[in-house]
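Since the structure comes first, as structure tokens, the remarks are kept for the end.
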Amino acid sequence: MQLNFKSILEYGTPGLKFQKLFYSFWPIYRGMLHTDEATYIPDLATSQAALKKYMPKMLPTYKRLCLLMNADDEMARFLTGFQPPAHVNACSQAVISGEEIQLVRNYDYHPDLFESTLLLSSWNGKKVIATTDYSIGLVDGMNEDGLAVSLTFGGRKEVGEGFGISFILRYVLEFCCNVTEAIEVLTKVPSHMSYNVTVVDKSGVYKTVFLSPDNLPIVTDIAFTTNHQLQVDWPENAAFNGTMKRATFLKNLLETAPLSPENLTKAFLYPPLYNTLFNEGFGTLYTSVYRPLDGAVQLHWHQQAIYQSFDHFIEGNISIEMEGKLEMNIQKTTWDYLYQ
Numbered sequence: 001m002q003l004n005f006k007s008i009l010e011y012g013t014p015g016l017k018f019q020k021l022f023y024s025f026w027p028i029y030r031g032m033l034h035t036d037e038a039t040y041i042p043d044l045a046t047s048q049a050a051l052k053k054y055m056p057k058m059l060p061t062y063k064r065l066c067l068l069m070n071a072d073d074e075m076a077r078f079l080t081g082f083q084p085p086a087h088v089n090a091c092s093q094a095v096i097s098g099e100e101i102q103l104v105r106n107y108d109y110h111p112d113l114f115e116s117t118l119l120l121s122s123w124n125g126k127k128v129i130a131t132t133d134y135s136i137g138l139v140d141g142m143n144e145d146g147l148a149v150s151l152t153f154g155g156r157k158e159v160g161e162g163f164g165i166s167f168i169l170r171y172v173l174e175f176c177c178n179v180t181e182a183i184e185v186l187t188k189v190p191s192h193m194s195y196n197v198t199v200v201d202k203s204g205v206y207k208t209v210f211l212s213p214d215n216l217p218i219v220t221d222i223a224f225t226t227n228h229q230l231q232v233d234w235p236e237n238a239a240f241n242g243t244m245k246r247a248t249f250l251k252n253l254l255e256t257a258p259l260s261p262e263n264l265t266k267a268f269l270y271p272p273l274y275n276t277l278f279n280e281g282f283g284t285l286y287t288s289v290y291r292p293l294d295g296a297v298q299l300h301w302h303q304q305a306i307y308q309s310f311d312h313f314i315e316g317n318i319s320i321e322m323e324g325k326l327e328m329n330i331q332k333t334t335w336d337y338l339y340q
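Following full-length UniProt numbering, the numbering of the sequence shown begins with 1 at its first residue and continues without gaps.
Structure (structure tokens):
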């Protein structure tokens, strides 16, 4: 299987490069709004009111995006990030802090829903490097203040009223400078599904927050997560993705002394953390490494890597040869596999 990965730089307000990125994926996202998973779709006024209430600093950017995209009501509603269709990824992540600070994660998802894009932007005056999701959102990233963030699925079926997690993480990196500020956002903005979010800043402070639509956020000092929270709530999903096995592996790995940043990264490139179930939406699409002290990010595959930073960011495309085969198409979504 081949993955075409893009690095895009566009400073200032969203422009033509971002427009091209969004338009290329909008047919997929629009289609998701009309699947069985999209059980509750609020109207535009409700979605905009939620954005204004919970993420008001994003409103100017939202309005610019609507103008840039010449958005109709359906697109304008989608751009708020409120109540997107339910979907599930997997992922593993871990953070180390000390002389070297590093946040490492694997992104496990279906390739057809992956934008394969690392974007350096500055929509609100703060530079942000992030792997995009829904084009506007992000699944991991870091800002120029040295605040890094990533997520894993929290392993629960419940879908509630709230924002897509990737939109929330975008808000965190656009407007927060450190972990304290990030926690304030993460504990106030409702997430429509369950996720585990790890944040770390250049001082070495880190936290992991367990978010869910039906419980209060739980802020912890846990340095790793896979796809459950304090306990397994969805046994079928946990058995499918091996969350407990991966969690035990990471716990033991982080207790290894000394654990170098290089060895932590290497561990994510092999089982049990690395997965090849691409057809089932559980293939590892990349390993990301964020280094807040250096303002640098690395994206790793078995035979290739991308090295970028705020000081030295190179635009371009590369083709990645992935292990595993892809035989299905997007007509069957990752949600379908959750009940197997």
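The beta carbon of each residue, even a glycine, is placed where N, CA and C say it ideally should be.
Check	Outcome
Classify G31 as helix, strand or coil using the three-state DSSP reduction.	helix
Can you tell me whether D133 is buried or exposed, with buried defined as 16 or more other CB within 10 angstroms of its CB?	buried
Nearest by alpha-carbon distance to E74: which of W26, S288, V219 is it?	W26
Can you give me the C-alpha to C-alpha distance between Y40 and D294, rounded to a whole angstrom?	43 Å
Compare the Cα-Cα distances from P258 to each of E144, M1, S97 and report the closest residue.	S97
If we count the other Cβ atoms within 10 Å of its Cβ and call it buried at 16 or more, is I314 buried or exposed?	exposed
Over what stretch of residues does the beta strand (DSSP E) that includes A305 continue unbroken?	305-309
Tell me the DSSP bridge mates of D140?	T131, S150
What's the C-alpha gap between P235 and L16?	45 Å
Using three-state DSSP, classify T180 as helix, strand or coil.	helix
Let's see if you can read the secondary structure: which residues bound the alpha helix (DSSP H) around Y171?	165-175
If you run the structure through DSSP and keep just helix, strand and coil, what is Q2?	strand
Assuming G162 and P111 form a contact by the criterion Cβ under 8 Å, report the distance between their Cβ atoms to the nearest whole angstrom.	At roughly 27 Å, the Cβ-Cβ gap does not stay under 8 Å, so G162 and P111 are not in contact.
For M1, tell me which candidate among N279, V297, F240 has the shortest Cα-Cα distance.	N279
Within its chain, find whatever has a CB closer than 6 Å to the CB of T333; leave out the 5 residues flanking it on each side and keep chain order.	Residue confidence for T333 is low, a pLDDT of 39 falling below 50, so the modelled location carries little weight; the figure read from the coordinates is stated next. The answer is none, since no qualifying residue turns up.
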